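In the numbering used here, the protein residues as written are 14 to 650.
Even for Gly, the Cβ is constructed at its ideal location relative to N, Cα and C.
Quantities reported herein were computed from a predicted structural model and do not represent experimental measurements.
Worksheet for the structure shown next.
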């Protein structure tokens with residue numbers, strides 16, 4: 014396999030470069046129906062070096078397990094979504110493997126698929142969560158006004174730089190697995206159970222991760238099981254690489270969201286109570302159902318204070334392909350809904366949206382999001398900065414005046430400027446019960462080379478240079494003497510899942526603490542010196558606002574009078590993210606994500622439940638073109 018060791022990438026290969034002598038290519042035989050029982054599977058006669066593998070050939074556990082939920086490694090007896098893997102065909106010629114898959118017949122006794130999740134049967138419930146704070150019913154009865162609203166968010170594709178896949182091969186007595194994953198140790202443990210071997214007999218080496226947007230938490234483990242089964246049965250290196258179309262249709266997407274909200278405000282427009290009923294479409298299997306629901310409840314009030322909260326949330330099973338997380342385990346969906354509630358409350362109270370948000374911002378000690386917050390929502394500086402760079406007040410006043418003077422008051426104005434606030438916590442990985450504490454091990458050798466070991470790497474590989482500079486500065490050595498060990502489960506500690514930017518926020522702090530520990534021992538103990546630091550669990554559950562980064566954005570747009578499409582004229586954003594290690598890299602990352610978020614809103618549409626759709630869903634899904642990205646201005650507090 015081709016490996017390029019650079020300052021930005023510590024030997025992380027791309028799956029497309031994988032090649033070994035005697036390699037076999039793996040293809041997936043998929044269900045043609047969304048729901049039903051498997052009557053028979055018939056494959057064509059295969060040459061000697063080819064093999065058709067079904068669930069009967071799995072030597073160990075037939076299920077992938079996470080957070081109390083299970084996913085079949087290969088379907089047996091029944092199928093639960095169109096495209097579910099029912100078998101594998103492996104052989105040395107990729108073209109002949111694909112031909113064999115086309116000739117394979119899967120006979121399903123079809124049943125009526127279930128796609129609805131706004132109204133559902135109790136048998137569809139994967140998980141449920143409930144939140145009660147304060148007396149919501151009493152607050153609603155005393156309210157000056159009650160607002161009602163419903164919000165829907167559809168699925169979104171992560172659109173990875175490289176389609177997902179996995180490779181495996183034997184290195185003496187160990188099976189080496191290569192896949193693009195946020196959670197290497199979950200891959201290792203899942204494959205070990207499927208093969209019926211000890212975890213120590215496997216080594217997982219993640220390939221290039223790229224901007225994963227929290228979409229590679231568990232699905233790579235499933236693909237790794239498929240590739241490893243083929244290596245185990247055929248005794249040869251195996252490569253499973255999904256086509257772009259397969260990746261689009263069958264890997265996890267953002268779970269569709271439905272929320273019915275009621276908000277109560279007093280005479281001054283202050284938010285007094287919030288009531289919500291939320292359902293998520295997790296598709297056929299939901300191994301992240303519980304963590305996603307917990308994150309939604311945690312983010313329910315957003316950065317605002319609300320004395321009374323009541324929410325019931327359900328994760329619903331349907332016959333879509335498995336759905337999951339997208340950049341934050343569901344918290345962004347809840348914050349989107351809350352920002353729309355904020356706009357509705359401001360309009361009902363006849364207040365400026367900025368004034369309403371400022372008046373209702375969560376103060377220090379607020380318990381709306383759980384435990385008392387050590388810090389409040391940091392809006393003051395963000396407001397001043399954002400309003401200044403966007404010229405929000407002047408533009409909004411002008412647009413309001415034009416709107417009020419238009420000839421037809423019932424017509425859509427067709428222009429405007431709006432803003433929204435949000436926050437991102439840096440310890441969201443704690444919501445994953447199956448992941449342990451994030452750990453880092455740092456060693457200073459006799460040659461003054463500092464080695465950093467962690468299974469969590471940042472989404473932006475360029476952030477590795479920040480680790481080097483941070484460690485070198487602490488120990489007063491050259492950055493060239495800092496070595497970040499490539500992730501391999503046999504040489505790095507189990508650091509849990511890389512989620513919620515933990516690679517750049519949590520791990521950077523642990524590296525700094527470990528380097529401080531080495532510095533205190535450096536001239537008192539003989540080299541080499543090793544220090545291991547891990548995140549500590551506390552009895553007090555911290556408020557999600559503690560240590561969070563806050564941001565505000567203003568967007569100016571018009572509506573195309575011909576086709577009704579939105580024309581974004583400009584985007585402005587102010588961010589309070591605490592200590593920033595590299596302003597240029599932070600700005601680059603945020604501008605990239607702003608463009609992606611805009612693309613999600615205006616041009617990306619995916620309707621997986623349309624059985625009668627004859628076009629290509631992949632080619633109908635249209636990310637925003639680079640030339641259509643509007644001017645973006647970004648400032649840090």
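Exercise for the section: Would you tell me roughly how many angstroms separate the C-alpha atoms of residue 503 and residue 465, rounded to the nearest one? Expected result: Roughly 14 Å between the two C-alpha positions.
Practice task
Out of 260, 176, 208, 265, point me to the one whose CA is closest to residue 222's CA.
Solution key: For residue 222, the closest of 260, 176, 208, 265 by C-alpha to C-alpha distance is 176.
Practice task
Please state whether DSSP places residue 294 in a helix, a strand or coil.
Solution key: Annotated three-state conformation of residue 294 is strand, per DSSP.
Problem - Exposed unless 16 or more other CB atoms sit within 10 angstroms - verdict on residue 493 - result: That one is exposed.
Handout entry: Length-filtered (3 minimum) beta strand (DSSP E) runs lying within the segment 44-104
Key = 49-55, 64-66, 76-79, 82-85, 98-104
Exercise for the section: Over the uninterrupted alpha helix (DSSP H) stretch that includes residue 393, give me the two end residues. Expected result: 393-403
Problem - residue 79 versus 258, 202, 612, 217, residue with shortest Cα-Cα distance - result: 202
Practice task
Report the three-state DSSP secondary structure of residue 248 (helix, strand or coil).
Solution key: coil
Practice task
State the start and end residues of the unbroken alpha helix (DSSP H) segment that holds residue 114.
Solution key: Here the alpha helix (DSSP H) through residue 114 covers 107-116.
Problem - Segment contact flag, the segment 64-75 with the segment 23-33, C-beta cutoff 8 Å, min 3 pairs - result: no
Exercise for the section: Please name the residue in 508, 524, 460 whose C-alpha comes closest to that of residue 481. Expected result: 524
Practice task
Can you say whether residue 632 is buried or exposed, counting buried as having 16 or more other CB atoms within 10 angstroms of its CB?
Solution key: With fewer than 16 other Cβ atoms inside 10 Å of its own Cβ, residue 632 counts as exposed.
Practice task
Return the residue from the list 419, 595, 454 that minimises the CA-CA distance to residue 548.
Solution key: Considering only 419, 595, 454, the residue with the shortest C-alpha distance to residue 548 is 454.
Problem - For residue 632, the three-state DSSP class (helix, strand or coil) - result: helix
Handout entry: Nonlocal neighbours in the same chain, by C-beta distance under 6 Å from residue 145, ignoring five residues either side
Key = 323
Problem - Sub-8 Å separation of residue 306 and residue 510 beta-carbons - result: no
Practice task
Grab me the residues of residue 20's own chain with a C-beta within less than 7 Å of its C-beta, minus the 5 sequence neighbours each way, in chain order.
Solution key: Unreliable placement is indicated for residue 20, whose pLDDT of 40 sits below 50; the coordinate value is still reported in the next sentence. Within the same chain, residue 20 has close Cβ partners 478.
Problem - C-alpha gap between residue 290 and residue 269, whole angstroms - result: 14 Å
Problem - Spatial neighbours of residue 388 in its chain, beta-carbon cut-off 7 Å, leaving aside the 5 residues before and after - result: Cβ within range, chain order: 377, 558, 559.
Exercise for the section: Could you round the C-beta distance between residue 540 and residue 637 to whole angstroms and report it? I think they count as a contact, below 8 Å. Expected result: Rounded, the Cβ-Cβ distance is 53 Å, inconsistent with contact.
Practice task
Would you decide whether residue 406 is buried or exposed? Buried here means 16 or more other CB atoms lie within 10 Å of its CB.
Solution key: Result: exposed.
Problem - Where residue 663 falls, given that 16 or more other Cβ within 10 Å makes a residue buried - result: There is simply no residue 663 to check, as the chain begins at 14 and stops at 650 in what is shown.
Handout entry: Residues near residue 595 in its chain [Cβ-Cβ closer than 6 Å; skip 5 each side]
Key = 479
Practice task
Can you grab the Cα-Cα spacing for the pair residue 538 / residue 487, in whole Å?
Solution key: 18 Å
Exercise for the section: Look up residue 526 in the DSSP assignment and say whether it is helix, strand or coil. Expected result: helix
Handout entry: Where residue 434 sits in the DSSP three-state scheme
Key = strand
Practice task
Give the secondary structure of residue 428 by DSSP, where H, G and I count as helix, E and B as strand, and everything else as coil.
Solution key: strand
Practice task
Compute the beta-carbon to beta-carbon distance between residue 252 and residue 36, rounded to the nearest angstrom, for a pair I have assumed lies under 8 Å.
Solution key: 6 Å
Practice task
Measuring alpha carbon to alpha carbon, tell me which of 498, 528, 470 ends up nearest residue 483.
Solution key: Taking only the C-alpha atoms, the option nearest residue 483 is 528.
Exercise for the section: Please list the segments of the alpha helix (DSSP H) lying wholly inside the segment 139-198, counting only runs of 4 or more residues, in order along the chain. Expected result: Within the segment 139-198, the alpha helix (DSSP H) runs of at least 4 residues that lie entirely inside it are, in chain order, 149-155.
Handout entry: Candidates 650, 126, 582, 239, of which the one nearest residue 65 by Cα
Key = 239
Problem - Straight-line Cα distance separating residue 621 from residue 604 - result: Between the alpha carbons of residue 604 and residue 621 lies a gap of roughly 29 Å.
Problem - the segment 194-208 in contact with the segment 154-173 per 3-pair CB rule at 8 Å - result: no
Problem - Best match in 429, 180, 205, 249 for proximity to residue 569 [C-alpha to C-alpha] - result: 429
Practice task
For residue 225, count neighbouring Cβ atoms within 10 angstroms of its own Cβ and tell me buried if that reaches 16, exposed if not.
Solution key: buried
Exercise for the section: Have a look at the DSSP bridge pairing and note the partners of residue 317. Expected result: Paired residues: 374.
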